[in-house]
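Notes to accompany the following structure.
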Amino acid sequence: MWKLRNKEVACSDAPLVIINNMMILSLIFVLQLMFVNSYVPTDDVAVSCGSSQDETKFNGRIWVGDDVNTIIPHNMQPSVTAEAPNSVSVDAVPFVSARFFRSKFTYSFRLKTNGPKFVRLHFYPTTYNDNFEAYNSLFSVTAAGFTLLKDFNASLWLLSDTKTVSIEFCINVESGERLNITFIPSTNHHNAYAFINGIEVVSMPPFLYYTDLSNDTGFEQVGSEGTLPYQLGSGNALETLYRINVAGIQVPPSSDTGMFRDWETDYPGYLEKRLHYCSWDENIQTYGDLVFQIFIADIMAEQGFSVIRLTGGRLVPGHKDYAVFIPGKNGISEKLILSIKLQRMRQGHGTSISDVLLNGIEIFKISDGSNNLAGPNPDPVLFLSPKSPPFPQSSKTSKEKISIVVIIAVVAAVIICLMLASIIGVIIFRRRRRSFGKKGSTKKEGSSSLPSHLCRYFTIAEIRAATNNFDDVFIVGVGGFGNVYKGYVDDGATPVAIKRLKPGSQQGITEFLNEIDMLSQLRHLHLVSLIGYCNDGVEMILVYDFMQRGTLREYLYGSDNNPLPWKQRLEILLGAARGLHYLHAGAKHNIIHRDVKSTNILLDEKWVAKVSDFGLSKVGPTGTSQTHVSTMVKGSLGYLDPEYYKRQRLTLKSDVYSFGVVLLEVLCARPPLIRNVDKHKASLVDWVRKLNDQGKLDHTVDIFLKGSITPECLKWYGQLAMSCLHDDGNQRPSMNDVVGALEFAMQLAEGDKDNSFGGAQDKEKGAESPLIPQLTSDEGSDVLFTSDESGTKDSRVTTISGSSEERAMISGLVFSEIGDPRAR
């Protein structure tokens, strides 16, 4: 399965941004080797903007300077040029120079022929000099009556490992027309400017992507049975979102078949789970020799797809186009993951060869009814620093302003009701802060008294600068405590998570002080580090290390993130277990977390798990005679230890029970409270326990894990989870035992079946673990996990036979990826 994701700044797992409702997907297929002539474009214009040289040869192609009269019209608007700083880090052409505009500016191209053209815009976003700082670059681009970009800032579209941005469009040029590309600096941002480093205009075959109305009815609309085919006429423009060379290497523009397209490789960024490679069987000759199913956006697009039927025979390339409608909510664009799945069919069920085949994928966004292709920039929080002015936002419309007035009128009444509660909260907070201040040394006036080497104090001005005055666009999470913002401190060098207490929250005051007191004394690889805090008037704010990957739950259910493989899930659990064990046994006092759940296990950029949110934590039993702490029940439904909420007796084993629920969440990819057939909420623990007692634990496993967990590992893991969830806390393992059990589960996941939980010493003695019975493999077990419905576990990689010279000769009229035609 291929899951296609958007390329946003530092968002390696961000989903595809769907701006308009309709897209075209083109799937490319070819059987065996072939040879056709390359396409020769009638129009091939490559412009190096801002360059003073008439012509520059780069990668076998001629780039011209933009002062040629056929490119820039006479009486042009004022513009300036500049050389790029640090140009050694980017390609010399077209990124070494740029042209800048403070007002509307147009490039005009006189072309040899009409018809569809590729239009490619190249940007190297950086600060060229004091007059052109990167954050002030905000502009729109139009061409041939279409809006291509709107309020665009190229800096926000950089990938973590790139310095330049290139965007490709397909635009039809009518006969006798010039192609005008206009750059318009934003009027909503002071000192805004537009710039461009390079422009390409290249012809393409007339009906490569557009519908030939003379002999083609159009594209199939996925999920719209009974409707007419979708026709893509010349009145539409396209933006290329993805162009992928499946199972092959990246193909640069210089190696494409005459159209200078860039083909990305599909691994590892897009391929979620490996499919079977097509076996290049020379018996594939007829329609029924290779038939499989195609699912797009989890909707069946083809029940029985035959490559031979599409291409007409072997040695012939072919592509199948599909139109996909992506509904939005209230006209607002949403982020999602678009999946393309190829499912093989069993032999004898419509095919003689049980396999699938795919060579390439292209995805295009189609202009909407207002001739618009533009979409919003990625999250500006990834671009700003306290030194930078706030990223410009479009001004609100009159309708939005009216709505705001109405909202203010309603909120005003609510505020009056809350004033009394707020005043009481402030009084309580100040009393608590005075007593809290006695615990440490005195710092500057207005700051807390915690030792500076343990916890840093932030001024409210620093916090406001880091969050653009608590702009909603910076919110990355919402909880009972309040909003969590992403910001940058230390002149933009350090990303942080900023948790802001809801003003007037009396309960939050206690948690605020407790978390500072607790976390300032704890340091562990698997605990989220508290960087500092701010308490200024009614503002109570905690500042943590920013966890780039978010919460564990986001990779289990309730989001569009790619599901994690089994071994990685075990690694995350093991890290969290080690963090909890440190709390229970490694700190100065035993600490009970009291709110262990999947949303409180965060993941950093390297997927290291860190336990977070210590607002409810309590110091455990301090004496040898004490076994529990008597306290009122707090925590999250679905995770609470039954002994704790029935008797108000909190123990270290209460965390173990909650962690057991997390173990089930990870295995089943289900929340702790699920809906049963009667649509009533039921306990995940009860559901799994019942099936486990029936010997059907495999029925609870997340579908994405099928085929990746051995029966031995599943059995061991299930017994660990059930032991953590024992009704009697005394029968539950300690977190130290849980760590050991997860370490052994990791060994089982890696195929090391000769090890036992007790380690080498216990193995020699033949001892069994006191925690969980020794696991044995059940011969004849009917439990079999597979990666598809065929029941076959093997997968194979097969490449095309033939000499390297034969491969070098291959080219395609349309598909550059068949220059090395491997397929998945």
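Under the working numbering, the letters of the sequence shown match residues 16 to 839, in that order. Cβ atoms here follow ideal geometry from the backbone N, Cα and C, with glycine treated the same way. On a predicted model such as this, the values are computed, not experimentally measured, just so you know.
Rounded straight-line distance, which links the Cα of residue j to that of residue i
i: residue 633; j: residue 528; result: 12 Å
i: residue 10; j: residue 355; result: Nothing can be reported for residue 10: it is not among the residues displayed for the chain, which extend from 16 to 839.
i: residue 370; j: residue 586; result: 33 Å
i: residue 656; j: residue 747; result: 11 Å
i: residue 699; j: residue 714; result: 13 Å
i: residue 236; j: residue 366; result: 25 Å
i: residue 496; j: residue 629; result: 11 Å
i: residue 225; j: residue 101; result: 41 Å
i: residue 558; j: residue 499; result: 10 Å
i: residue 840; j: residue 72; result: Residue 840 lies beyond the range of the chain shown here (16 to 839); nothing can be said about it.
i: residue 324; j: residue 234; result: 17 Å
i: residue 543; j: residue 309; result: 43 Å
i: residue 805; j: residue 755; result: Bear in mind that a pLDDT of 30 at residue 805, under 50, signals an unreliable position, so the model cannot answer this.
i: residue 128; j: residue 164; result: 25 Å
i: residue 515; j: residue 94; result: 45 Å
i: residue 333; j: residue 44; result: 5 Å
i: residue 631; j: residue 582; result: 31 Å
i: residue 470; j: residue 534; result: 9 Å
i: residue 253; j: residue 217; result: 14 Å
i: residue 490; j: residue 97; result: 37 Å
i: residue 731; j: residue 760; result: 7 Å
i: residue 268; j: residue 553; result: 58 Å
i: residue 724; j: residue 588; result: 16 Å
i: residue 281; j: residue 492; result: 31 Å
i: residue 357; j: residue 261; result: 13 Å
i: residue 162; j: residue 584; result: 44 Å
Nearest neighbour of residue i, chosen from the options [CA to CA]
i: residue 579; options: 721, 139, 725; result: 721
i: residue 38; options: 136, 97, 245; result: 245
i: residue 681; options: 571, 276, 331; result: 571
i: residue 166; options: 279, 524, 644, 150; result: 150
i: residue 610; options: 599, 669, 203; result: 669
i: residue 139; options: 241, 652, 115; result: 115
i: residue 136; options: 546, 255, 144, 69; result: 255
i: residue 353; options: 361, 338, 360, 359; result: 338
i: residue 706; options: 478, 683, 190, 170; result: 683
i: residue 223; options: 112, 239, 377, 143; result: 377
i: residue 594; options: 726, 153, 679, 753; result: 753
i: residue 653; options: 674, 229, 563; result: 674
i: residue 144; options: 381, 112, 513; result: 112
i: residue 763; options: 744, 740, 729; result: 729
i: residue 203; options: 643, 86, 118; result: 118
i: residue 105; options: 176, 77, 78, 53; result: 176
i: residue 5; options: 741, 219, 563, 64; result: This structure cannot settle anything about residue 5, because the visible part of the chain is limited to 16 through 839.
Test item: CB-CB of residue i and residue j under 7 Å
i: residue 168; j: residue 131; result: no
i: residue 624; j: residue 541; result: yes
i: residue 257; j: residue 196; result: no
i: residue 199; j: residue 155; result: yes
i: residue 75; j: residue 66; result: no
i: residue 615; j: residue 635; result: no
i: residue 319; j: residue 331; result: no
i: residue 567; j: residue 627; result: no
i: residue 561; j: residue 488; result: no
i: residue 548; j: residue 531; result: yes
i: residue 386; j: residue 160; result: yes
i: residue 608; j: residue 751; result: no
i: residue 859; j: residue 126; result: This structure leaves residue 859 out entirely; the chain is present only between 16 and 839.
i: residue 736; j: residue 688; result: no
i: residue 381; j: residue 251; result: yes
i: residue 62; j: residue 214; result: yes
Residues that DSSP places opposite residue i in a beta bridge
i: residue 311; result: 314, 355
i: residue 59; result: 217
i: residue 38; result: 339, 380
i: residue 152; result: 208
i: residue 4; result: Limits of the chain in this structure are 16 at one end and 839 at the other, which puts residue 4 out of reach.
Minimum length 3: unbroken beta strand (DSSP E) runs contained in the region 521-607: 545-551, 554-560
Just list the alpha helix (DSSP H) runs in the region 712-765, keeping only unbroken ones of 4 residues or longer that don't cross its boundaries, in chain order. 726-739, 750-764
Pick out the complete alpha helix (DSSP H) segments inside the region 628-682, 4 residues or longer, and give them in chain order. 657-662
For the region 94-123, list the alpha helix (DSSP H) runs that are entirely contained and at least 4 residues long, ordered along the chain. 107-110
Length-filtered (4 minimum) alpha helix (DSSP H) runs lying within the region 471-507: Within the region 471-507, the complete alpha helix (DSSP H) runs of at least 4 residues are 475-482.
Secondary structure, beta strand (DSSP E): runs of 3+ residues fully inside the region 202-279: 209-211, 213-218, 253-260
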